[in-house]
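Sequence order for the protein chains is A and B. 1 is the number of the first residue of the first sequence in our numbering; add one for each residue after it. 1001 is the number of the first residue of the second sequence in our numbering; add one for each residue after it. Following: one structure in structure tokens, then a few remarks.
Protein chains: 2
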Amino acid sequence: MLEVQKISKRKIPQEIAEQIITLISNGDLAPGDKLPTEKKLEEMFGVSRPSIREALSALEMAEIIEMRHGEGSFIRDIDLNTHIHPLAVKMLIKSGTVYEILEARKAIEGYTVILAAQHATQEDLRDLENILAKMKEEMKLGHLGEENDLIFHLRIAKASHNSILYQVMESLSGLMKHCQKHTRQYSRCIPGRPREIVNQHIKIFQAIVNKKPNAAQKAMLDHLEDIRITCQNLENKLSMENAEGR
Amino acid sequence: MLEVQKISKRKIPQEIAEQIITLISNGDLAPGDKLPTEKKLEEMFGVSRPSIREALSALEMAEIIEMRHGEGSFIRDIDLNTHIHPLAVKMLIKSGTVYEILEARKAIEGYTVILAAQHATQEDLRDLENILAKMKEEMKLGHLGEENDLIFHLRIAKASHNSILYQVMESLSGLMKHCQKHTRQYSRCIPGRPREIVNQHIKIFQAIVNKKPNAAQKAMLDHLEDIRITCQNLENKLSMENAEGR
DNA sequence: TTATATTTAGTTGTCAGACAACATGATAAT
DNA sequence: ATTATCATGTTGTCTGACAACTAAATATAA
């Protein structure tokens, strides 16, 4: 039997959504910009409003635009490259997924850090140092954003100079962000915790600088295990408080 | 200024999309299942067809369902592939990617095999044994398909009981297939090679059965390293033959 | 003048009904 | 038995309408 590709009869709303996405990634539409009104889009694309609305609605659920009732639609502030579709993520995130992700990170990062210690360039090291400096700043102010934390880990993946592993790591860090949004676990607010986290990062960094793969791996795995334990403790505490409250 | 959360006036299509997603992650709707017709959904939710369509259209663009004209809507089997794959495919074109993938597999599989040795159920072990048996059959006939090889590795990832790692591994094995189609490296045709590969798999399998994580990891890493070296040798040989031929 | 209601125009949210395009299986013709 | 044709149900798109909402212009009250 011959193997042929099925012809995809592209539907109008999809076509429109893709065109808008292209406009965004081309920079013709920037975050914060207001889209033309639905009536204008109707004329521009030469289709009816339901088609426009199906497209916009899909973009809204993908958290790419925001539709404000009686006001208009606006481009949201988001990086399309790293964007993971929220609807899809919701299916994946069952309870306990955080731990599976952390386990997966042990696999990926426990290895990327070895490669990083072997192959990091001077530039890679400078990048890592810069992020660390930013984290120290945040630490002094008492709050530690998850943003720079994840960037630090991504930079290590980059320093491994393996593009596949880097992209996998990018996906995982996207998942982490979504998870934390859902579970609202801000372990980083515990007193003394930011300093501890920064110290662990420094340890990893130094092992990379000194080109000690094994030490780097151990430091990374310890770090991830520490996060897991802290998460778990926090979760237990919360569920106990909830039980008491009743 | 007080910080308050904006009340999200949840719109009907979003509500519907989320309810359908919930049905899927609850297992009430499984991949391949047909959704009720739009008319029926209309009645079930008590809303109009445009609202239903906005919801379905969004789910389609999220690649969660597939709408077939004149037929109906169907649940797709969705996984992380959706997100990792498009990114990864771009990297395919570069030569040398095979080695990056193999390196990535060391990271993933070097860890999944540990988890597998710890958590594999009786059923997992049976699955692995079956695949091994098939490979032995193929070996006797002299040719060793890549198909069962990759399945064996996937089954190990499954036995780790970490869905994230499994899905990443699925992506990587997809990439492997593509790569081999491109580079046409059939190292498995070298005399004596099939037996060697099967033996390495047996070694991994036994370590898992005996619940020896460290031994399993070593066997896996050795196996992947062996593949890398063989690939490299073959590549050198081919390029030398090409140089001579001219 | 300033602050507060009110109105108004423009925009999004939802609905109803219609028809075209398509898939499938039943029926009829070859 | 194979091929055409048709009947039916489903999705794809359109038109038009109205309700709900926002923001700015206007009117009103202090």
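Built from N, CA and C at the ideal position, the CB exists for glycine as well.
Inter-residue Cα distance where the pair is residue i and residue j
i: residue 203 (chain A); j: residue 73 (chain A); result: 46 Å
i: residue 228 (chain A); j: residue 1039 (chain B); result: 47 Å
i: residue 1217 (chain B); j: residue 232 (chain A); result: 27 Å
i: residue 71 (chain A); j: residue 85 (chain A); result: 25 Å
i: residue 1162 (chain B); j: residue 1066 (chain B); result: 27 Å
i: residue 1258 (chain B); j: residue 58 (chain A); result: No information on residue 1258 (chain B) is available, as it lies outside the stretch 1001 to 1246 that chain B covers here.
i: residue 1173 (chain B); j: residue 1164 (chain B); result: 14 Å
i: residue 215 (chain A); j: residue 195 (chain A); result: 21 Å
i: residue 148 (chain A); j: residue 1105 (chain B); result: 27 Å
i: residue 1021 (chain B); j: residue 1014 (chain B); result: 11 Å
i: residue 136 (chain A); j: residue 169 (chain A); result: 23 Å
i: residue 1032 (chain B); j: residue 1025 (chain B); result: 14 Å
i: residue 201 (chain A); j: residue 119 (chain A); result: 19 Å
i: residue 1034 (chain B); j: residue 56 (chain A); result: 25 Å
i: residue 54 (chain A); j: residue 1112 (chain B); result: 42 Å
i: residue 115 (chain A); j: residue 132 (chain A); result: 20 Å
i: residue 1226 (chain B); j: residue 129 (chain A); result: 36 Å
i: residue 48 (chain A); j: residue 1029 (chain B); result: 32 Å
i: residue 145 (chain A); j: residue 127 (chain A); result: 18 Å
i: residue 18 (chain A); j: residue 46 (chain A); result: 16 Å
i: residue 1108 (chain B); j: residue 1213 (chain B); result: 14 Å
i: residue 134 (chain A); j: residue 198 (chain A); result: 10 Å
i: residue 1099 (chain B); j: residue 1152 (chain B); result: 20 Å
i: residue 1122 (chain B); j: residue 1154 (chain B); result: 17 Å
i: residue 1010 (chain B); j: residue 68 (chain A); result: 11 Å
i: residue 1210 (chain B); j: residue 1237 (chain B); result: 39 Å
i: residue 1023 (chain B); j: residue 1103 (chain B); result: 38 Å
i: residue 230 (chain A); j: residue 16 (chain A); result: 45 Å
i: residue 268 (chain A); j: residue 1141 (chain B); result: Lying outside 1 to 246, the shown extent of chain A, residue 268 (chain A) is not represented and no answer is given.
Chain-order list of residues whose beta-carbon lies under 7 Å from that of residue i (same chain, five-residue window excluded)
i: residue 176 (chain A); result: 101, 150
i: residue 1061 (chain B); result: none
i: residue 63 (chain A); result: 76, 78, 86
i: residue 110 (chain A); result: 217, 220, 221
i: residue 1044 (chain B); result: 1036
i: residue 269 (chain A); result: Summary: the structure shown does not reach residue 269 (chain A), with chain A confined to residues 1 through 246, and so no result is reported for it.
Paired residues, beta bridge with residue i - DSSP
i: residue 1034 (chain B); result: B:1074
i: residue 1065 (chain B); result: B:1075
Beta-carbon neighbours of residue i, restricted to chain A and to distances below 8 Å
i: residue 1112 (chain B); result: 107
i: residue 1100 (chain B); result: 162, 163, 164, 165
Per-residue contacts from residue i into chain A (C-beta, under 9 Å)
i: residue 1103 (chain B); result: 111, 115, 160, 162, 164, 165
i: residue 1215 (chain B); result: Those do not exist, as residue 1215 (chain B) stays about 18 Å from chain A at its closest Cβ, beyond 9 Å.
Cβ neighbours of residue i in the same chain (closer than 6 Å, five flanking residues each side left out)
i: residue 1333 (chain B); result: Residue 1333 (chain B) is absent from the model: chain B starts at 1001 and stops at 1246.
i: residue 1158 (chain B); result: 1166
i: residue 1090 (chain B); result: With a pLDDT of 40 at residue 1090 (chain B), under the threshold of 50, the modelled position of that residue is not reliable, and the figure given next carries that caveat. Closer than 6 Å at the Cβ level, and outside the excluded window around residue 1090 (chain B), lies no residue.
i: residue 160 (chain A); result: 112, 115, 116
i: residue 1223 (chain B); result: 1200
i: residue 1095 (chain B); result: Note on residue 1095 (chain B): pLDDT 49, under 50, position unreliable in the model; the coordinate value appears next. Cβ neighbours of residue 1095 (chain B) beyond the five flanking positions: none.
Neighbour list for residue i in chain B, Cβ cutoff strictly below 8 Å
i: residue 17 (chain A); result: 1061
i: residue 221 (chain A); result: Ordered by position in chain B, no residue passes the 8 Å Cβ test against residue 221 (chain A), which lies about 10 Å from the chain.
Chain A residues whose Cβ lies nearer than 7 Å to that of residue i
i: residue 1021 (chain B); result: 87, 90, 91
i: residue 1200 (chain B); result: By Cβ distance, chain A contributes nothing, its closest Cβ being about 20 Å from residue 1200 (chain B), past 7 Å.
i: residue 1014 (chain B); result: 61
8 Å CB neighbourhood of residue i in its chain, flanking five on each side removed
i: residue 1092 (chain B); result: Unreliable positioning characterises residue 1092 (chain B) in this predicted model, as indicated by a pLDDT of 46, which lies under 50. The coordinate reading is nonetheless provided below. Contacts found: 1175, 1178, 1179, 1182.
i: residue 1206 (chain B); result: none
i: residue 208 (chain A); result: 113, 116, 117, 120, 125, 128, 156, 159, 216
i: residue 138 (chain A); result: 144, 145, 148, 194
*asked:* Residues of the segment 1058-1077 of chain B in Cβ contact with chain A at a cutoff of 9 Å, in chain order, please.
replied: 1058, 1059, 1060, 1061, 1062, 1063, 1064, 1067, 1069
_Beta carbons nearer than 7 Å to chain B: which residues of the segment 32-56 of chain A have them?_
50, 53, 54
*Residues from the segment 169-181 of chain A in contact with chain B, defined by Cβ distance under 9 Å*: 170, 171, 172, 174, 175
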